[in-house]
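**Student:** Got a structure here, written out as structure tokens. Questions coming.
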Amino acid sequence: MSYGRPRVLPVGHFQDVVRDESSLRRFLHALPGVDQVGLEQRAAGLATRSIKKASKMWAIDTAISMIDLTTLEGSDTPGKVRTLAAKARRPDPGYPDVPAVAAVCVYPDMVETAVTQLSGTGIGVASVATAFPSGRSIREVKLADTRFAVEQGASEVDMVIDRGAFLSGRYWQVFEEIQAVKQACGDAHLKVILETGELAGYDAVRRASWLALLAGGDFIKTSTGKVSPAATLPVTQLMLQAVRDWHAATGEHRGVKPAGGIRTTKDAIKYLVTVHEVAGPDWLTPKLFRFGASSLLNDLLMQRRTQLEGHYSGQDYVTVD
Amino acid sequence: MSDERLAVAKTYKLYIGGKFPRSESGRSYPVVDHRGAFLANASQASRKDAREAVAAARKAFPGWSAATAYNRGQVLYRVAEMLEGRRDQFIHEVMDAEGVAQRRAQLLVDTAIDRWVWYAGWTDKLATVLGGANPVAGPYFNFSVPEPTGVVAVLAPQVSSLLGLVSVIAPVIAGGNTCVVVAGQNRPLPSVTLSEVLATSDLPGGVLNVLTGRTAELAPWLAAHAEVNALDLCGAPESLRRDLEVTAAGTVKRVLRAPVAEPEWTITPDIRRLRALLELKTVWHPVGT
Chain A
1 MSYGRPRVLP VGHFQDVVRD ESSLRRFLHA LPGVDQVGLE QRAAGLATRS IKKASKMWAI
61 DTAISMIDLT TLEGSDTPGK VRTLAAKARR PDPGYPDVPA VAAVCVYPDM VETAVTQLSG
121 TGIGVASVAT AFPSGRSIRE VKLADTRFAV EQGASEVDMV IDRGAFLSGR YWQVFEEIQA
181 VKQACGDAHL KVILETGELA GYDAVRRASW LALLAGGDFI KTSTGKVSPA ATLPVTQLML
241 QAVRDWHAAT GEHRGVKPAG GIRTTKDAIK YLVTVHEVAG PDWLTPKLFR FGASSLLNDL
301 LMQRRTQLEG HYSGQDYVTV D
Chain B
322 MSDERLAVAK TYKLYIGGKF PRSESGRSYP VVDHRGAFLA NASQASRKDA REAVAAARKA
382 FPGWSAATAY NRGQVLYRVA EMLEGRRDQF IHEVMDAEGV AQRRAQLLVD TAIDRWVWYA
442 GWTDKLATVL GGANPVAGPY FNFSVPEPTG VVAVLAPQVS SLLGLVSVIA PVIAGGNTCV
502 VVAGQNRPLP SVTLSEVLAT SDLPGGVLNV LTGRTAELAP WLAAHAEVNA LDLCGAPESL
562 RRDLEVTAAG TVKRVLRAPV AEPEWTITPD IRRLRALLEL KTVWHPVGT
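Those protein sequences? They're chains A and B, same order as listed. To convert, note that position 122 of the first sequence is 122 in the working numbering; the numbers rise steadily by one, no gaps. To convert, note that position 36 of the second sequence is 357 in the working numbering; the numbers rise steadily by one, no gaps.
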């Protein structure tokens, strides 16, 4: 399938694209428009696949290993983060063979607690930064926020873009900001949250995805989880197309992270099918695809128990967060 | 043109989480009256429908169990009011299903409505009758309160299609439990009409979920489901009862065993069914001096 696919450009051309404000704007506006009906139809079609038995077990374990176990509440306490870290290490104490999750995602002031709990486990600590979730602050504050998170030991930083600037067409400002944050991250991985629920339409999502990729985001992430609608299949599919095309053009692998609103195993499996079909099997790894979720993990664990024990499981058999 | 009007055939569906879905499996089965004449097609629920129903019941549990006893009583009384409004329809359905004479059917329907009112009245009296302050030898204020067991799966009686059904589900929800009921296999139509009554009453969606289909197919899944806290085997096929009890023990369910034969439902019950699905919580509270 080739319709709706951005032109594939060799690496050299991207340097032209990011030369100045007008070249960037020209590039983003020249991206082909999204065929909304086609996109949604394909997403719906991919969601009808039936995954059973051994494939389902594989999908459940893969999905668990891709989770960024998240707690982003005003009421977070070190105790809650410790509990979450324990769950991240061993999601189901009844079944030690359940894989650990990919990372724990917290606010910057909780990073230290999470890092202490998870050192030596290989589980990442992701921190949201840059005046999450609204992104409404000055750049110095956003950069200080990022530096603080990295100094505390975060191995991944989830930044939000300035949607106000993006929607009013100040792409260059957004571009520079992502670059600056990327620099402040140092070795930490940068995930760029587009907050697709606030971007008007699929065309804007495609532009924002490319903008984030051009600016150096290692991951593009759908949402903060604080805005509805959060992650949807069509939007994720669009972002997967962007990273696939980026790979075709540059040879670099960039990741995608849908976040918010993914609560059931069924949903998670739909996403995995979409990843496989749109980006390709290369992306079926926690290095390139993540779920930003909290309640999803319990449903995956219940489904896993259902598969193993032959009867439906219940909420009394998983930990309450 | 003929003056004769074409009858509007009714579609009988499941009742899950306050909605009326068809079976996920797409199956249905013919329901016949006591003489064997075709009455309607009813949805034949699958194990996945049972799973959805249990999930809906679990979701409804925190709200329903936390509602005040007074409020639960009001809601159940309102259900009785709505039942009264459909009295004639129920009488016809009971006559069709059970093959009883009109007078007997009237008695059965009236008793079912009265039974509902009777249980509605119990909601705010249970705590006093079953719980209370306990005398203890020590500086403690010790008291017991009944709390609902949780999600209760009920296999409804196979003979009494309305009164029997009401007699087993009303005590479940009166106590604050939520319920998944598998209607009597060959006489499911009054249960579907009952669910239409519930949908237009104030009972929150998911508190009572009605499945129609083969009891023997659905019962093992409900008995094994870890989210189900209690199982009423009233209408279980005799050959399955033992296995169902064994299965239910696997997830430590409270089990109400089936009676040897269906009781005479018209006799006013005691509160045994209410008590069976309530757990007593006892609190030791230190007091000064």
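Glycine is no exception: its CB is placed at the ideal position from the N, C-alpha and C atoms. Just so it is clear, the structure is predicted and the values come from calculations on it, not from any experiment.
Which whole runs of the alpha helix (DSSP H) in the segment 229-295 of chain A are 4 residues long or more, in chain order?
**Tutor:** 233-250, 265-274
**Student:** Less than 7 angstroms between the C-beta atoms of Y202(A) and V34(A), yes or no?
**Tutor:** Here the question's residue 202(A) lines up with position 202 in the first sequence. Here the question's residue 34(A) lines up with position 34 in the first sequence. Result yes, Cβ atoms of Y202(A) and V34(A) sit closer than 7 angstroms.
**Student:** Between the segment 291-309 of chain A and the segment 52-69 of chain A, do at least 3 Cβ pairs fall closer than 8 angstroms?
**Tutor:** yes
**Student:** By DSSP's criteria, I337(B) is part of a beta bridge. Which residues make up the other side?
**Tutor:** Position 16 of the second sequence, counted from the start, is the residue given in the question as residue 337(B). Partner(s): K340(B).
**Student:** Counting only beta-carbon separations shorter than 7 angstroms, does S294(A) have a partner in chain B?
**Tutor:** On the first sequence, position 294 is the one that residue 294(A) refers to. Closer than 7 angstroms: no.
**Student:** Please report the distance separating the alpha-carbon of V367(B) from that of G534(B).
**Tutor:** In the second sequence, counting from the first residue as 1, residue 367(B) sits at position 46. In the second sequence, counting from the first residue as 1, residue 534(B) sits at position 213. The sequence given here has Ser at residue 367(B), not Val. If you take the alpha carbons of S367(B) and G534(B), they lie about 8 angstroms apart.
**Student:** If you compare alpha carbons, which of A100(A), P99(A), G124(A) is closest to V111(A)?
**Tutor:** Working through the first sequence from its first residue, we reach residue 111(A) at position 111. Of A100(A), P99(A), G124(A), the residue nearest in Cα terms is G124(A).
**Student:** Does the count of Cβ pairs from the segment 210-224 of chain A and the segment 175-184 of chain A closer than 8 angstroms reach three?
**Tutor:** Here the segment 210-224 of chain A lies against the segment 175-184 of chain A, with 3 or more beta-carbon pairs under 8 angstroms apart.
**Student:** Give me whichever residues DSSP pairs with G124(A) in a beta bridge.
**Tutor:** Your numbering for residue 124(A) matches position 124 in the first sequence. In DSSP, G124(A) forms a bridge with A103(A).
**Student:** Mapping the DSSP letters down to three states, classify H189(A) as helix, strand or coil.
**Tutor:** Within the first sequence, residue 189(A) is the residue found at index 189, counting from 1. Of the three classes helix, strand and coil, the one that applies to H189(A) here is strand, per DSSP.
**Student:** Please report how far the alpha carbon of A418(B) lies from the alpha carbon of Q307(A), in whole angstroms.
**Tutor:** The sequence position of residue 418(B) within the second sequence is 97, counting from 1. The sequence position of residue 307(A) within the first sequence is 307, counting from 1. Answer to the nearest angstrom: the Cα atoms are 40 angstroms apart.
**Student:** Identify the residues that DSSP records as bridge partners of R575(B): which are they?
**Tutor:** Translated into the one-based positions of the second sequence, residue 575(B) becomes position 254. Checking the DSSP bridge columns, you'll see R575(B) partnered with A551(B).
**Student:** Where do the ends of the beta strand (DSSP E) carrying H606(B) lie?
**Tutor:** By one-based count along the second sequence, residue 606(B) stands at place 285. It spans 599-607 - the beta strand (DSSP E) in which H606(B) sits, taken as one unbroken run.
**Student:** What residues in its chain sit with their C-beta under 8 angstroms from that of R356(B), if we drop five residues either side in the sequence?
**Tutor:** In the second sequence, residue 356(B) corresponds to position 35, counting from 1. Correct list, in chain order: G420.
**Student:** What did DSSP end up calling N455(B) once you bin it into helix, strand or coil?
**Tutor:** Walking along the second sequence from the start, residue 455(B) turns up at place 134. Residue state, collapsed to three classes: strand.
**Student:** What is the rounded straight-line gap between the Cα of H606(B) and the Cα of Y461(B)?
**Tutor:** The residue you call residue 606(B) lines up with position 285 of the second sequence. The residue you call residue 461(B) lines up with position 140 of the second sequence. Cα to Cα, the separation comes out at about 5 angstroms.
**Student:** Measure the beta-carbon distance from E402(B) to T514(B) and round it to whole angstroms, keeping in mind my assumption that it falls under 8 angstroms.
**Tutor:** Position 81 of the second sequence, counting from 1, holds the residue named residue 402(B). Position 193 of the second sequence, counting from 1, holds the residue named residue 514(B). Contact flag wrong, Cβ pair sits at about 15 angstroms.
**Student:** Give me the Cα-Cα distance between E468(B) and H253(A), rounded to the nearest whole angstrom.
**Tutor:** On the second sequence, residue 468(B) is found 147 positions in, with the first residue counted as 1. On the first sequence, residue 253(A) is found 253 positions in, with the first residue counted as 1. Rounded to whole angstroms, E468(B) and H253(A) show a C-alpha spacing of 55 angstroms.
**Student:** Does the Cβ-Cβ distance between L238(A) and R206(A) come in under 7 angstroms?
**Tutor:** Numbered from 1 along the first sequence, position 238 holds the residue referred to as residue 238(A). Numbered from 1 along the first sequence, position 206 holds the residue referred to as residue 206(A). A contact, by the Cβ cut-off of 7 angstroms.
**Student:** Chain B partners of D316(A), CB-CB under 8 angstroms?
**Tutor:** The residue labelled residue 316(A) in the question sits at position 316 within the first sequence. What D316(A) touches in chain B: A547, E548.
**Student:** Is there at least one Cβ from chain B nearer than 7 angstroms to Y312(A)'s Cβ?
**Tutor:** Start at 1 with the first residue of the first sequence, and residue 312(A) comes out as number 312. Chain B, which has a Cβ nearer than 7 angstroms to the Cβ of Y312(A), makes this yes.
**Student:** Leaving out five residues before and five after Y312(A) in sequence, what residues of the same chain have Cβ atoms less than 7 angstroms from its Cβ?
**Tutor:** Along the first sequence, one-based indexing puts residue 312(A) at 312. Closer than 7 angstroms at the Cβ level, and outside the excluded window around Y312(A), lie T306.
**Student:** Exposed or buried, which one is N530(B) when buried takes at least 16 other CB atoms within 10 Å?
**Tutor:** By 1-based counting over the second sequence, the position of residue 530(B) is 209. N530(B) should be labelled buried.
**Student:** Name the two residues that bound the continuous beta strand (DSSP E) containing Y202(A).
**Tutor:** The residue you call residue 202(A) lines up with position 202 of the first sequence. DSSP places Y202(A) outside any beta strand (DSSP E); the residue lies instead in the alpha helix (DSSP H), whose first and last residues are 202-215.
**Student:** To be precise: take each residue of the segment 366-399 of chain B, compare its Cβ to all Cβ atoms of chain A, and keep it if any distance is under 8 angstroms. Which residues remain?
**Tutor:** R372, V375, R379
**Student:** Please list the terminal residues of the continuous beta strand (DSSP E) segment that includes T70(A).
**Tutor:** Position 70 of the first sequence holds residue 70(A). Residues 67-70.
**Student:** Could you give the C-beta distance for E156(A) and A103(A), rounded to a whole number, given that I count them as a contact under 8 angstroms?
**Tutor:** In the first sequence, counting from the first residue as 1, residue 156(A) sits at position 156. In the first sequence, counting from the first residue as 1, residue 103(A) sits at position 103. Rounded, the Cβ-Cβ distance is 6 angstroms, consistent with contact.
**Student:** Is the Cβ of R407(B) closer than 7 angstroms to any Cβ of chain E?
**Tutor:** Of the protein chains in the structure, A and B, none is chain E.
**Student:** Is it buried or exposed for G331(A), if we count other Cβ within 10 angstroms and need 16 for buried?
**Tutor:** Shown here, chain A extends from 1 to 321; a query on residue 331(A) therefore has no answer.
**Student:** My output table needs one value for I60(A): the three-state DSSP class, helix, strand or coil.
**Tutor:** Here residue 60(A) corresponds to residue number 60 of the first sequence, with the count starting at 1. Three-state DSSP puts I60(A) in a helix.
**Student:** Decide if S488(B) is buried, meaning its Cβ has at least 16 other Cβ atoms within 10 Å, or exposed.
**Tutor:** On the second sequence, residue 488(B) is found 167 positions in, with the first residue counted as 1. The residue in question, S488(B), is buried, as its Cβ has 16 or more Cβ neighbours within 10 Å.
**Student:** With a 10 Å radius around its C-beta and 16 neighbouring C-beta atoms as the bar for buried, classify T196(A) as buried or exposed.
**Tutor:** As a working note, residue 196(A) is residue 196 in the first sequence. Buried.
**Student:** So E198(A) is in the alpha helix (DSSP H); what residue range does that whole segment cover?
**Tutor:** Start at 1 with the first residue of the first sequence, and residue 198(A) comes out as number 198. Run containing E198(A): none; DSSP gives neither H nor E here.
**Student:** Measure the C-alpha to C-alpha separation of T236(A) and P258(A) and round it to an integer number of angstroms.
**Tutor:** Within the first sequence, residue 236(A) is the residue found at index 236, counting from 1. Within the first sequence, residue 258(A) is the residue found at index 258, counting from 1. For T236(A) and P258(A), the distance between alpha carbons rounds to 6 angstroms.
**Student:** V396(B) to I269(A), Cα distance in whole Å?
**Tutor:** Translated into the one-based positions of the second sequence, residue 396(B) becomes position 75. Translated into the one-based positions of the first sequence, residue 269(A) becomes position 269. The alpha-carbon atoms of V396(B) and I269(A) are separated by roughly 40 angstroms.
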